[in-house]
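A.B. asks:
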Amino acid sequence: MTQQLQQAKINNNKVTVTIIGDKTFSGKVINIARNHVKIETSHNSEVSLWIESISDFQVSNEHNSEAIDD
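Structure follows, in structure tokens:
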């Protein structure tokens with residue numbers, strides 16, 4: 005799980021994380037420590053989750069960057 009989160013951070017992928025109790029968070033992985041992950045969700049808010057509490061984890065192919073119109 006930690007390696008998948010680290011790869012999502014490196015690739016700047018959007019992730020969707022569900023923790024035990026069925027609460028879901030989506031956003032960009034901004035920090036990973038030994039036992040928790042910090043995710044930047046919408047409106048620049050941050051949530052810190054215990055990795056052990058994650059029951060489901062998905063990586064979106066969509067990157068969490070702003071689109072630029074030429």
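Throughout the sequence shown, residue numbering follows the numbering used here, covering 5 to 74 in sequence. From the three backbone atoms N, C-alpha and C, an ideal C-beta is built for every residue, glycine too.
(1) So PHE29 and THR6 are in contact, right, with Cβ under 8 angstroms, and what is the actual spacing, rounded?
(2) For the alpha helix (DSSP H) that ILE14 lies in, which residues bound it at each end?
(3) Can you tell me whether DSSP reads ILE24 as helix, strand or coil?
(4) Can you give the Cα-Cα distance for ASN65 and HIS47, rounded to whole angstroms?
(5) What are the boundary residues of the beta strand (DSSP E) that SER52 is part of?
C.D. replies: A quick look at the data gives this:
(1) Locating residue 29 in the sequence shown gives position 25, counting from the first residue. Locating residue 6 in the sequence shown gives position 2, counting from the first residue. 17 angstroms between Cβ atoms; not a contact.
(2) Along the sequence shown, read from residue 1 onward, the residue named residue 14 stands at position 10. Segment 6-15, the alpha helix (DSSP H) holding ILE14.
(3) Working through the sequence shown from its first residue, we reach residue 24 at position 20. Here ILE24 sits in coil by DSSP.
(4) The residue you call residue 65 lines up with position 61 of the sequence shown. The residue you call residue 47 lines up with position 43 of the sequence shown. Whole-angstrom Cα-Cα distance: 21 angstroms.
(5) Here residue 52 refers to the residue found at position 48 of the sequence shown. Counting along the chain, the beta strand (DSSP E) containing SER52 begins and ends at 50-54.
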